[in-house]
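Student:
2 protein chains.
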Amino acid sequence: MSRLTLEKIAALAGVSRSTVSRVINDQVNVRPEVRERVQQVIDETGYQPNQAARSLASKRSTILGLVIPRNVQSVFADPYFPRLIQGISLVCNENDYVLSLFLFHTEDEENKIYPRVLNQGFVDGVIITSMVSGDTLLDQLKDSDMPFVAIGRTADMPDVSYVDVDNVGGATTAVTHLMNLGYKHIATIAGPADVRAAIDRLQGYTTALAARGLQIDPDLIVRGDFSEASGYAAMQQLLSHSPDAVFAASDAMAQGALRALREAQIGVPDTIAIVGFDDLALAALEKPALTTVRQPIQRVGKLAAENLLDMLQNGVDPPRRLLLPTELVIRDSCGKKG
Amino acid sequence: MSRLTLEKIAALAGVSRSTVSRVINDQVNVRPEVRERVQQVIDETGYQPNQAARSLASKRSTILGLVIPRNVQSVFADPYFPRLIQGISLVCNENDYVLSLFLFHTEDEENKIYPRVLNQGFVDGVIITSMVSGDTLLDQLKDSDMPFVAIGRTADMPDVSYVDVDNVGGATTAVTHLMNLGYKHIATIAGPADVRAAIDRLQGYTTALAARGLQIDPDLIVRGDFSEASGYAAMQQLLSHSPDAVFAASDAMAQGALRALREAQIGVPDTIAIVGFDDLALAALEKPALTTVRQPIQRVGKLAAENLLDMLQNGVDPPRRLLLPTELVIRDSCGKKG
DNA sequence: GTGAAAGCGCTAACAG
DNA sequence: CTGTTAGCGCTTTCAC
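First to last, the protein sequences are chains A and B. Using our numbering, you'd call the opening residue of the first sequence number 1 and step up by one each time. Using our numbering, you'd call the opening residue of the second sequence number 339 and step up by one each time.
1. May I ask which residues mark the beginning and end of the beta strand (DSSP E) holding B/S438?
2. With C-beta atoms as the reference, is A/P296 less than 8 Å away from A/V165?
3. Return no unless some Cβ of chain A is closer than 8 Å to the Cβ of B/K346.
4. Please determine, among A/T326, A/V67 and A/E36, the residue with the shortest C-alpha to C-alpha distance to A/I127.
5. Can you have a look at B/H579 and say buried or exposed, based on whether 16 or more other CB atoms are within 10 angstroms of its CB?
6. With DSSP as the reference, label A/S333 as helix, strand or coil.
7. For A/R37, collect the residues of the same chain with a Cβ closer than 6 Å to its Cβ; drop the 5 residues on either side in sequence, then sort them by chain order.
8. Using a Cβ distance threshold of 8 Å, determine whether the segment 375–385 of chain B contacts the segment 357–366 of chain B, with at least three qualifying pairs required.
9. Tell me which residue opens and which closes the beta strand (DSSP E) that B/V501 is part of.
10. What ranges does the beta strand (DSSP E) occupy inside the segment 275–322 of chain A, keeping only unbroken runs of at least 3 residues that lie completely in it?
11. Buried or exposed: where does B/R550 fall if 16 or more other Cβ atoms within 10 Å of its Cβ makes it buried?
12. Using 8 Å as the limit for Cβ to Cβ distance, is B/V436 near chain A?
13. Among residues of its own chain, excluding the 5 on either side of B/L618, which ones have a beta-carbon nearer than 6 Å to its beta-carbon?
14. Relative to the alpha-carbon of A/Q298, which residue among A/V163, A/Q265 and A/D217 has its alpha-carbon at the smallest distance?
15. Considering Cα atoms alone, identify which of A/L101, A/E94, A/R196 and A/D96 is closest to A/F81.
16. Using a cut-off of 7 Å between C-beta atoms, extract the partners of B/Q389 located in chain A.
17. Can you pull the chain A residues whose beta carbon is under 7 Å from the beta carbon of B/I465, in chain order?
18. Could you have a look at B/V410 and say whether DSSP puts it in helix, strand or coil?
19. Label B/E624 either buried or exposed according to how many other C-beta atoms from any shown protein chain fall within 10 Å of its C-beta, with 16 as the threshold for buried.
20. Of the residues that make up the segment 537–569 of chain B, which ones have a beta carbon closer than 7 Å to any beta carbon in chain A?
21. Do you know how far the Cα of A/T188 is from the Cα of A/D219?
22. I want to verify the contact list: residues of chain B whose CB lies under 7 Å from the CB of A/A77, in sequence order.
23. State whether the segment 112–125 of chain A contacts the segment 326–335 of chain A, with contact taken as three or more CB pairs (one from each stretch) at a distance under 8 Å.
24. To the nearest angstrom, how far is it from the Cα of B/L516 to the Cα of B/A535?
25. Can you pull the chain A neighbours of B/R597, defined as C-beta to C-beta under 9 Å?
26. Under three-state DSSP, which class holds B/F419?
27. For B/L547, write down the residues that DSSP places opposite it in a beta bridge.
28. Do B/G605 and B/G425 have their CB atoms nearer than 8 Å?
29. Please say whether B/P530 and B/D563 have beta carbons closer to each other than 8 Å?
30. Should A/V28 go down as buried or exposed, given a rule of 16 or more other Cβ atoms within 10 Å for buried?
31. For a test of the three-state rule: what should DSSP assign to B/V353, helix, strand or coil?
32. Less than 8 Å separating the beta-carbons of A/V15 and A/G65?
33. Could you check what DSSP says for B/M339 in three-state terms: helix, strand or coil?
34. Taking the beta carbon of B/T510 as the centre, do at least 16 other beta carbons fall within 10 Å, making it buried, or is it exposed?
35. For B/I466, which of helix, strand or coil comes out of DSSP?
36. Out of A/Y232, A/R153 and A/A284, which one is the CA nearest neighbour of A/D194?
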């Protein structure tokens, strides 16, 4: 029964409301013995301050919002999100913040709910997963005075804080590795043209080839939508151009590619080598085990939350921009030519 | 700038604060023309009521909590959770509620944060994912006066509201289907003995066999932990008892079983048929495509949220207990014996 | 170092 | 139908 209030605790401890408040908020200017006495009453009674009253008086909600726009919603079922959320949640727990989830399924929902999120004082700050450029929600956020951190940068975002993984670098490393193994005819299954991560991974591919003075063959670039099915289709399309290696911009697409090759009875990595991106759990279990680029998703979540909290304390300037390194995990599907 | 308050809107519209409040809360007793005038001011100014003040005065936070205990946390990365969350979130959005996530990673976190969740008035109600029996958090919830709905029932839970899928029925159907196809020597890869869903699926297995007067052979029951790796190991163990079909209590374990059989060069479904449980995305992509029991996860989430909201409005009694039907999805791995 | 007092912005009786 | 009046339970100056 949280019929308990500050007032009552104060009475029980024989002090004023203010003093109890100071104890609760770990403020200075309380004599140690008084502090202890008050704390004891709090412990004994199991008193918990009322959150609404606190927020009203202090103008802080101690809630962080995680916003997932509807264009991202479709991939919410990916293993990516749970790990991201775990990272964010860890930091929230540590800092006595609560994480609220704003999943939007339709444009109506966005229009209806988003203004509330931004203006009601519901959340102190927002982490937004942004993928495609020109994201409406991201733009609204920029126009508001709500502190926020973007997960994944989209188009140009001057003075926007974000955390992203080094997709360009990861892709470059992967393709370079293939070249080092001796592959000459390296194709890529890219992601959607409007998704920044896909653009970056494709750029990593071209960068790596260009660094060796290799020509970019448009026939060796096929787009998918990150899904298994699209990887399967893309691989079939690539087959007529007989690549000796394929860099897929997601593990799911790599998985689809493997399926297509299996059906076509083409040996991996003997005839065609495959490298993926993500390092999902399934990667290690594939046959052959998938060489892939691992991205530190949980760390992305942690850092986003940490930086947001830092902004809440110390102001949003200067913008925090973080690009986390990826790691090439070498397994069997890339072969060992050499 | 949400410097706007009820008071100011009232002034602008030439009415009292109460009237504006009534308009905002869709209450009766406001003349249509007045209502319209007020609404217009609200729309023009983009006024959003302050959430903290509202909660403080009304004693409702319009926040639903989703609690994921640490013993469940380990499987949070499963595709299961995003779908569950999507279901809950849909209902929250529809009803102007916000979903807050309480992910616990350690016991310390549970001890520190949980009391706050329950007593601070932070949330109006809680949805808790419970798996193992004797879950501490669930017990605390029962002892509190916080309205809640459990996802998945554990041990005996008289007068606890829950939403669960019919694991017994699903397993029974799956195994019966195998028997109908003519398999005689059906094994199962069961889940952990303390997880209710696993217990139920195992019971479904035995029930189905018993219904045909078949003996339960202990050698044909091997336990895993729902993971791919455990399914792989379990299948290897089963091999010495040469079953002609295997019912795996999760798709991941079925996947592991398939891997073991592939390695052992045993044909599926020709030599051994396999049926899984879950219908994850990977199920349809397996080679051969996995016959499995589909569970309506998103619906579980929706119903849990809907029932919780109903409890908030109409009181927690009587307890709502829902068992959702599953569906056998027949693909290739179960074969088509006659 | 401590207490008194003034709100934070809203809802909810209660009059009228 | 509308306005007035009390708070909700806390934080935060400001005196002392």
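Just so it is clear, CB atoms sit at the ideal spot from N, CA and C, and this is done for glycine as well. All values derive from a computational prediction rather than experimental measurement.
Tutor: The answer reads as follows:
1. Here the question's residue 438 of chain B lines up with position 100 in the second sequence. Start and end: V436 to L441.
2. Start at 1 with the first residue of the first sequence, and residue 296 of chain A comes out as number 296. Start at 1 with the first residue of the first sequence, and residue 165 of chain A comes out as number 165. For A/P296 and A/V165, yes; Cβs fall inside 8 Å.
3. By one-based count along the second sequence, residue 346 of chain B stands at place 8. Answer no: the Cβ-Cβ gap between B/K346 and chain A never drops below 8 Å.
4. For the purposes of this step, residue 127 of chain A is identified with residue 127 of the first sequence, where counting begins at 1. Nearest option by C-alpha distance: A/V67.
5. Sequence index remark: in the second sequence, residue 579 of chain B carries index 241 (1-based). Burial call: exposed.
6. Residue mapping note: residue 333 of chain A aligns to position 333 of the first sequence, counting from 1. The answer is coil: DSSP assigns A/S333 none of H, G, I, E or B.
7. As a position in the first sequence, residue 37 of chain A is number 37, starting the count at 1. Answer for A/R37: A13, listed in chain order.
8. With the cut-off at 8 Å, the segment 375–385 of chain B and the segment 357–366 of chain B touch.
9. Taking the second sequence and counting its residues from 1, the one referred to as residue 501 of chain B is at position 163. Secondary structure note for B/V501: its beta strand (DSSP E) is the uninterrupted segment Y500 to V503.
10. Qualifying beta strand (DSSP E) stretches, in chain order: 291–294.
11. One-based indexing of the second sequence puts residue 550 of chain B at position 212. It is exposed - the Cβ of B/R550 has fewer than 16 other Cβ atoms within 10 Å.
12. Here the question's residue 436 of chain B lines up with position 98 in the second sequence. Yes, B/V436 counts as interfacial toward chain A.
13. Counting from one through the second sequence, the residue named residue 618 of chain B turns up at place 280. Only P417 and D589 meet the Cβ criterion.
14. By one-based count along the first sequence, residue 298 of chain A stands at place 298. Out of A/V163, A/Q265 and A/D217, A/V163 has the C-alpha closest to the C-alpha of A/Q298.
15. What you label residue 81 of chain A is simply residue 81 of the first sequence in a count that begins at 1. Of the residues A/L101, A/E94, A/R196 and A/D96, the one whose Cα lies closest to the Cα of A/F81 is A/L101.
16. Taking the second sequence and counting its residues from 1, the one referred to as residue 389 of chain B is at position 51. Residues of chain A passing the Cβ test: Q120, G121 and F122.
17. Along the second sequence, one-based indexing puts residue 465 of chain B at 127. Against B/I465, chain A offers no close residue; the least beta-carbon distance is about 12 Å (beta-carbon pairs closer than 7 Å).
18. By one-based count along the second sequence, residue 410 of chain B stands at place 72. Taken through DSSP and simplified to helix, strand or coil, B/V410 comes out as helix.
19. On the second sequence, position 286 is the one that residue 624 of chain B refers to. With 16 or more other Cβ atoms within 10 Å, it is buried.
20. With the criterion set as a beta carbon lying under 7 Å from some beta carbon of chain A, the members of the segment 537–569 of chain B are E566, in sequence order.
21. Sequence index remark: in the first sequence, residue 219 of chain A carries index 219 (1-based). Sequence index remark: in the first sequence, residue 188 of chain A carries index 188 (1-based). Here the alpha carbon of A/D219 sits roughly 10 Å from the alpha carbon of A/T188.
22. Within the first sequence, residue 77 of chain A is the residue found at index 77, counting from 1. Near A/A77 (Cβ distances below 7 Å), the residues of chain B are P417, P420 and R421.
23. Verdict: no, contact absent.
24. Residue mapping note: residue 516 of chain B aligns to position 178 of the second sequence, counting from 1. Residue mapping note: residue 535 of chain B aligns to position 197 of the second sequence, counting from 1. Cα to Cα, the separation comes out at about 21 Å.
25. Within the second sequence, numbered from 1, the residue matching residue 597 of chain B stands at position 259. What B/R597 touches in chain A: L285 and K287.
26. For the purposes of this step, residue 419 of chain B is identified with residue 81 of the second sequence, where counting begins at 1. Here B/F419 sits in helix by DSSP.
27. As a position in the second sequence, residue 547 of chain B is number 209, starting the count at 1. Paired residue(s): none; B/L547 is not in a bridge.
28. What you label residue 605 of chain B is simply residue 267 of the second sequence in a count that begins at 1. What you label residue 425 of chain B is simply residue 87 of the second sequence in a count that begins at 1. Between B/G605 and B/G425, the CB-CB gap reaches or exceeds 8 Å.
29. Residue numbering aside, residue 563 of chain B sits at position 225 when the second sequence is read from its first letter. Residue numbering aside, residue 530 of chain B sits at position 192 when the second sequence is read from its first letter. Yes, Cβ-Cβ distance for B/D563 and B/P530 is below 8 Å.
30. In the first sequence, residue 28 of chain A corresponds to position 28, counting from 1. A/V28 is exposed by the Cβ-count criterion.
31. Counting from 1 along the second sequence, the entry for residue 353 of chain B is found at position 15. Here B/V353 sits in coil by DSSP.
32. Residue numbering aside, residue 15 of chain A sits at position 15 when the first sequence is read from its first letter. Residue numbering aside, residue 65 of chain A sits at position 65 when the first sequence is read from its first letter. Not closer than 8 Å, so no.
33. Translated into positions along the second sequence, residue 339 of chain B becomes position 1. At B/M339, the pLDDT of 47 sits below 50, so the modelled position is not reliable and the matter cannot be decided from this model.
34. For this step, residue 510 of chain B is matched to residue 172 along the second sequence. Its Cβ being crowded by 16 or more others within 10 Å, B/T510 is buried.
35. Residue 466 of chain B sits at position 128 when you count from the first residue of the second sequence. Reduced to three states, the DSSP call for B/I466 is strand.
36. Along the first sequence, one-based indexing puts residue 194 of chain A at 194. Among A/Y232, A/R153 and A/A284, the Cα nearest to that of A/D194 belongs to A/R153.
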